[in-house]
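Residue numbers (this note's numbering), protein chains in the order written: chain A, 5 to 365; chain B, 5 to 365. Note that CB positions come from ideal geometry on N, CA and C, so glycine has one too.
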DNA sequence: CTGAAAGCGCTAACAA
DNA sequence: TTGTTAGCGCTTTCAG
């Protein structure tokens, strides 16, 4: 009853069936090139012995494994669920298996993980990588790589149309009468964060709104709570968060402080993760075509793996759209500073001590 | 600039460095058994050539790949996030990589996926498999296997203490004065579902409560909504859902019908997924130690892979606990049938037409 | 249609 | 410390 009892090899089958191993091989890979009877017998014997082809050895000569790596920064982030799902289905349709590489929000860790995986897979999808551009290019030299959510020159990328999404969000806020927005920033190493902030500034300038940036914060609910604490020191009537998680965390924390969302502050997130419509109030968010991103990335990767010339120049850009739910509303004009805020915009100084307190950490 | 330019082999390096390939091999795997200078030179040359060991070929002789497969029924289900995270960290600490196998809620698909993976990995964690016990045992014959969330004889398993969790849930409901509960069932092939329902019946009997079962429903928010539609035809004051997703879906649907949760009906879920505390009202749920499950499963699997004798007899049972939040409350006694229900328990027939309507789909 | 033989890239065993 | 020689399990010529 020893667990791995030396699985039978092709030679075992060959011997048992009284044929050459090459015949067995053919019987499995190229049926039709083996007489019906022989094939029959081989399969029967193989079944009895419990023989299975070893994809490892099979992959050896050509060096392809029918596996692709999917590197993601934090598997706990719901943002990835649909992406993984899309990637997974595209991969399995093409007969590929996905190797998951959780890189734990760390460029270093990511490199290490990838170094191990790189040798094993036929290609790599870097979803939200935290590595430097040059590190990415290094990796891309070794294996076909597709970068998701980030534009890196000389490497094929799949991104969403952040500028457009941001624009829609800001327009929406402007229509609701908001004049000052706060951006709750995500990780510094995040390309999307930089992109969103930049677009935000530009759009705001164009629409003559005032924006400020707080952060960086971890792209999590907890990060959102921290962001809210800082935000409360100098609130604005509207906030745009790096992603839905941060938005949700902020809404919760703000609500706990006594603010009513969206009455007191409108909040917009990014990504439209599954939880976004489940929270209260349901989150207004810039939706990314998550599953499509996964599918597209894998599709393009596989094309390259199969020999297509990567068109690294222009990143593939997928559209995103604003989903208006209940976390945004018309701006209310305060006569006095909001009761829930740590300190008012107009600067009543009596709670300044608390301000520091809440803002720290 | 062709993408895969035939990565350099160990022989290329050997030639370029003017040594035997075995020396190169040693330089990489057993440093110290090679003179400092030689090693130095080899590594330099290797770096220049961009050489990397091919784990594939390396794995060939012994047949170990340092990969383990994690098979899950639906990657979109948040239930898995923490499990994957736990598994991932345990695996990477031990130098293993995780191969993800989304089996799409289908036993057949699962077998196929596994068949491919089985040959490539050193072991397999079956998280919530939908395969039959015998199919699982077959797989277990080929590779070390750990089954999560299910007890299968002769195969090592890691489960949570469902009976205890259910008991706590029912006790909680009983304390709140509820006398009739409805169980919203999950997939028929789910072991946990059977377990929960059985425990529910037993505990209810003991505590002299009345239970009934609706379903099966898909273990999703949509499934929960469907369940709610059926439930509304003959409501009870409390419901226990197969999992948090179903609970959340039911709460949403019920709320949409005009019911107030928990005032009109108390709802309990299972798993304590990340979203559970974010929804409104925050969900009372039987929490499973998700990350610990992943860690434990991988830990035990790796122990077996390394030669430990699997103790297949008694499943490892992890504790779970009831987390009381806001979706449960004291039972209210209705004088008449609730306004929101399709049909009343006492049977006012005037809305029977609607009943069918809501119940279909 | 089938068998023999030559590797795939690397490691292990044995010499030198 | 290094080189030489066998393979690992399978696929792929190349004969027969």
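{"Asked": "If the criterion is Cβ atoms closer than 8 angstroms, does the pair residue 243 of chain B and residue 188 of chain B meet it?", "Found": "yes"}
{"Asked": "Please state if the CB of residue 72 of chain A and the CB of residue 128 of chain A are separated by a distance shorter than 8 angstroms.", "Found": "yes"}
{"Asked": "Provide the residue(s) that pair with residue 140 of chain B in DSSP beta bridges, ordered along the chain.", "Found": "The partner list for residue 140 of chain B (beta bridge, DSSP) is empty, contrary to what the question assumes."}
{"Asked": "Verify whether the separation of the beta carbon atoms of residue 285 of chain A and residue 322 of chain A is less than 8 angstroms.", "Found": "no"}
{"Asked": "Pull up the DSSP beta-bridge partners for residue 187 of chain A, would you.", "Found": "A/217 and A/244"}
{"Asked": "Residues in the region 221 to 246 of chain A with C-beta within 7 angstroms of chain B's C-beta atoms, listed in sequence order?", "Found": "none"}
{"Asked": "Could you tell me which of B/270, B/212 and B/25 sits nearest to residue 251 of chain B, measuring between CA atoms?", "Found": "B/270"}
{"Asked": "Report all residues from its chain with a CB closer than 8 angstroms to the CB of residue 29 of chain A; omit the five preceding and five following residues, and keep chain order.", "Found": "14"}
{"Asked": "Closer than 9 angstroms, Cβ to any Cβ of chain A: which residues of the region 85 to 113 of chain B, in chain order?", "Found": "85, 86, 88, 89, 92, 93, 96, 99, 101, 102, 103, 104, 105, 106, 108 and 113"}
{"Asked": "Does residue 79 of chain A have its Cβ less than 8 angstroms from a Cβ in chain B?", "Found": "yes"}
{"Asked": "Under 8 angstroms, Cβ to Cβ, is there at least one residue of chain A near residue 177 of chain B?", "Found": "no"}
{"Asked": "Got a sec: is the Cβ-Cβ distance from residue 20 of chain A to anything in chain B below 8 angstroms?", "Found": "no"}
{"Asked": "Write down every uninterrupted run of the beta strand (DSSP E) in the region 42 to 101 of chain A whose length is 3 residues or greater and which is fully enclosed by it, in chain order.", "Found": "71 to 76"}
{"Asked": "Pick from B/34, B/97, B/146 and B/152: whose alpha carbon is nearest that of residue 77 of chain B?", "Found": "B/152"}
{"Asked": "Closer than 8 angstroms between beta carbons: that is the criterion. Which residues of the region 141 to 168 of chain B meet it against chain A?", "Found": "145, 146, 147 and 148"}
{"Asked": "From the DSSP output, read off the bridge partner residues of residue 325 of chain A.", "Found": "A/291"}
{"Asked": "May I have the straight-line CA-CA distance separating residue 102 of chain A from residue 47 of chain B, to the nearest angstrom?", "Found": "31 angstroms"}
{"Asked": "Reducing DSSP to helix, strand and coil, say where residue 123 of chain A ends up.", "Found": "coil"}
{"Asked": "Using a threshold of 8 angstroms, state whether the C-beta atoms of residue 95 of chain B and residue 64 of chain A are closer than that.", "Found": "no"}
{"Asked": "What does DSSP give as the partner residues of residue 270 of chain A in its beta bridges?", "Found": "A/242"}
{"Asked": "Using a Cβ cut-off of 8 angstroms, pull out every chain B residue sitting near residue 302 of chain A, in sequence order please.", "Found": "Within 8 angstroms Cβ-Cβ: nothing; residue 302 of chain A doesn't reach chain B, min ~13 angstroms."}
{"Asked": "Let's see if you can read the secondary structure: which residues bound the alpha helix (DSSP H) around residue 14 of chain A?", "Found": "14 to 21"}
{"Asked": "Please report how far the alpha carbon of residue 23 of chain A lies from the alpha carbon of residue 11 of chain A, in whole angstroms.", "Found": "19 angstroms"}
{"Asked": "So with Cβ pairs under 8 angstroms, would you call residue 294 of chain B a contact of chain A?", "Found": "no"}
{"Asked": "Report the partner residues of residue 204 of chain B according to the DSSP bridge assignment.", "Found": "Answer by DSSP bridge pairing: none, since residue 204 of chain B is not bridged."}
{"Asked": "Can you check whether the C-beta of residue 63 of chain B is within less than 8 angstroms of a C-beta belonging to chain A?", "Found": "yes"}
{"Asked": "Should residue 69 of chain A and residue 125 of chain A be called a contact, given that it needs their Cβ atoms to be closer than 8 angstroms?", "Found": "yes"}
{"Asked": "Would you mind working out which of B/75, B/97 and B/123 sits nearest residue 111 of chain B, comparing C-alpha positions?", "Found": "B/75"}
{"Asked": "Return the residue from the list A/215, A/248, A/216 and A/214 that minimises the CA-CA distance to residue 229 of chain A.", "Found": "A/248"}
{"Asked": "With 8 angstroms set as the bound, which would you pick, yes or no: does the beta-carbon of residue 57 of chain B sit closer than that to a beta-carbon of chain A?", "Found": "yes"}
{"Asked": "Excluding the 5 residues preceding and the 5 following residue 105 of chain A in the sequence, name in chain order all residues of the same chain whose CB lies nearer than 6 angstroms to its CB.", "Found": "73, 75, 117 and 121"}
{"Asked": "Going by beta carbon distance, what residues of the same chain come within less than 6 angstroms of residue 339 of chain B, once the five residues before and after it are set aside?", "Found": "Reliability of the predicted coordinates at residue 339 of chain B is poor, the pLDDT of 49 falling under 50, and the value obtained from them is presented with this limitation in mind. So the list is empty, once near-sequence residues are dropped."}
{"Asked": "Which residues, taken in chain order from the region 267 to 287 of chain A, show a beta carbon closer than 8 angstroms to some beta carbon of chain B?", "Found": "278, 279, 282, 283 and 284"}
{"Asked": "Name the residues in the region 26 to 52 of chain A whose C-beta lies less than 8 angstroms from a C-beta of chain B; which are they?", "Found": "none"}
{"Asked": "Take residue 198 of chain A as the anchor and find which of A/218, A/254 and A/211 has the nearest alpha-carbon.", "Found": "A/218"}
{"Asked": "Quick one, which of B/16, B/279 and B/308 has its alpha-carbon nearest residue 149 of chain B's?", "Found": "B/308"}
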